[in-house]
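Numbering (the working numbering), first residue to last: 6 to 419.
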């Protein structure tokens, strides 16, 4: 979209700056369009509007250009070859078959001075040479004008803003040649650049913006006028940090910790099954109920997922082992010199006589099987008790065994 500037012929002040394809004139003005004359396909009249059609398909409508009460409006093109005053109508306001482009050094000759109230006489019967001569004459007569024609109109806010997926660049469109500045939420400048002749810009920013940050982008023209800031929001592609300060309650029914505020917290058991979920509060604290209760030294995995769907790495949380092993399955060997059986893998096994004296101890293997030598032997009819204690110190109920009596059931079929 071409940049358009509207300058009052009377006050010499900039009335409007826009990237839109339609402008409305409210007083005698020079309409300066930032486009090369070679790119103009046609200029026509539609009621009171002048319609400029470009070869790229863009159409610019200047409303009230032919309004009887607003006479002597002018169009100036500004391209790579400089400024050109455009003549495309005759004295009656009819569009001419061809467009005449008069070169200018500046638009001042088209503006009113103290002795002139209108540029209209230049247009009546003026050809290419006559038009240019009239402009030169007016430029000379107005050279002593010490009125203030400084540009005090800020550019429009940048448009079509986008932050790259990797968060390192901001692109968009602004007034051609304007300085672009990108600030973070704290007002720090994290990138700057310049819009090209078509108003397009690409500004590198550092650090990269990948966590849903909202940035403010401004455009400042050559006169130092700054636009209003335009916001642009980065995609959130950054996963939260893994949850911290994890703890499983003594009864195994809750997992507490800290994660990214507002993130969804999920707790999985050792098999990857979700056994609880919840949401971290505004301070990042969470308490998630889990079921079934985790009381046997289980290791759980806890993750946090932000609003954009980015999931953290899992963080482990280990439950306290407060569950005693089941009472051992046990029997006395035929010679009474050992006790055999099955219990929790790696549990400590202890055998006591009827007086409570320890007569044998050992450890179950990785499959829970054990054989503990006893002394004295457990003779026919003698009785003893067998217990298993896990690594956390939880002790099972006692199992009674009798010498000469096989009380151990066969292992389950496989």
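A virtual CB, placed ideally from N, CA and C, is assigned to each residue, including glycine.
Continuous beta strand (DSSP E) stretch holding residue i: start and end
i: residue 337; result: 334–337
i: residue 83; result: 79–84
i: residue 232; result: Careful: residue 232 lies outside any beta strand (DSSP E) and carries neither H nor E.
i: residue 327; result: It is not in any beta strand (DSSP E) - residue 327 carries neither H nor E in the DSSP assignment.
i: residue 291; result: 290–294
i: residue 56; result: 54–59
i: residue 158; result: Segment: none, residue 158 is in no beta strand (DSSP E) and carries neither H nor E.
i: residue 366; result: 363–368
i: residue 70; result: Neither: residue 70 is in no beta strand (DSSP E) and is coded neither H nor E.
i: residue 185; result: 184–188
i: residue 29; result: 27–29
i: residue 419; result: Neither: residue 419 is in no beta strand (DSSP E) and is coded neither H nor E.
Residues that DSSP places opposite residue i in a beta bridge
i: residue 310; result: 269 and 316
i: residue 321; result: 306
i: residue 22; result: 10
i: residue 282; result: 271
i: residue 168; result: 175
i: residue 401; result: In DSSP, residue 401 forms no bridge with anything.
i: residue 353; result: 368 and 394
i: residue 48; result: 57
Simplified DSSP state of residue i, which is helix, strand or coil
i: residue 114; result: helix
i: residue 42; result: helix
i: residue 197; result: strand
i: residue 250; result: strand
i: residue 108; result: strand
i: residue 358; result: strand
i: residue 300; result: coil
i: residue 103; result: strand
i: residue 375; result: strand
i: residue 15; result: coil
i: residue 226; result: coil
i: residue 219; result: strand
i: residue 89; result: strand
i: residue 346; result: strand
i: residue 440; result: This structure leaves residue 440 out entirely; the chain is present only between 6 and 419.
i: residue 210; result: coil
i: residue 241; result: strand
i: residue 255; result: coil
i: residue 262; result: strand
i: residue 34; result: strand
i: residue 2; result: Since the first and last residues shown for the chain are 6 and 419, residue 2 lies out of range.
i: residue 75; result: Note that residue 75 has pLDDT 47, beneath the 50 cutoff, so the model's placement of it is unreliable and the number below is only indicative. Of the three classes helix, strand and coil, the one that applies to residue 75 here is coil, per DSSP.
Backbone CA spacing between residue i and residue j [nearest angstrom]
i: residue 158; j: residue 180; result: 12 Å
i: residue 109; j: residue 223; result: 31 Å
i: residue 227; j: residue 182; result: 8 Å
i: residue 373; j: residue 310; result: 40 Å
i: residue 282; j: residue 169; result: 33 Å
i: residue 398; j: residue 305; result: 21 Å
i: residue 117; j: residue 89; result: 18 Å
i: residue 79; j: residue 217; result: 47 Å
i: residue 82; j: residue 91; result: 7 Å
i: residue 143; j: residue 14; result: Residue placement at residue 143 is flagged as unreliable, the pLDDT there being 42, under the threshold of 50; a coordinate-derived value is accordingly withheld.
i: residue 341; j: residue 395; result: 26 Å
i: residue 248; j: residue 354; result: 39 Å
i: residue 186; j: residue 238; result: 15 Å
i: residue 147; j: residue 106; result: Low local confidence applies: a pLDDT of 39 at residue 147 is under 50, so the model's placement there is unreliable, with the coordinate-based value given in what follows. When rounded, the distance between both Cα atoms is 22 Å.
i: residue 386; j: residue 344; result: 14 Å
i: residue 65; j: residue 286; result: 53 Å
i: residue 44; j: residue 58; result: 9 Å
i: residue 298; j: residue 261; result: 14 Å
i: residue 265; j: residue 312; result: 10 Å
i: residue 240; j: residue 213; result: 11 Å
i: residue 322; j: residue 251; result: 6 Å
i: residue 46; j: residue 246; result: 58 Å
i: residue 276; j: residue 254; result: 20 Å
i: residue 190; j: residue 236; result: 10 Å
i: residue 279; j: residue 324; result: 16 Å
i: residue 351; j: residue 410; result: 26 Å
i: residue 167; j: residue 194; result: 17 Å
Practice item. Would you check if the segment 168–178 and the segment 208–223 touch, i.e. whether three or more CB-CB distances between them fall below 8 Å? Key: The segment 208–223 vs the segment 168–178: in contact.
Check your understanding: Within the chosen definition, does the segment 261–276 reach the segment 297–317 through at least 3 CB pairs nearer than 8 Å?
Key -> yes
Check your understanding: Are the segment 329–337 and the segment 401–416 in contact at 8 Å, needing three or more beta carbon pairs?
Key -> Below 8 Å, enough C-beta pairs join the segment 329–337 and the segment 401–416 to call them touching: three or more.
Exercise for review: Pair every Cβ in the segment 51–67 with every Cβ in the segment 14–24, then say whether three or more of these pairs are closer than 8 Å.
Suggested key: no
Check your understanding: Should the segment 290–308 be regarded as contacting the segment 362–373, the criterion being three or more beta carbon pairs within less than 8 Å?
Key -> no
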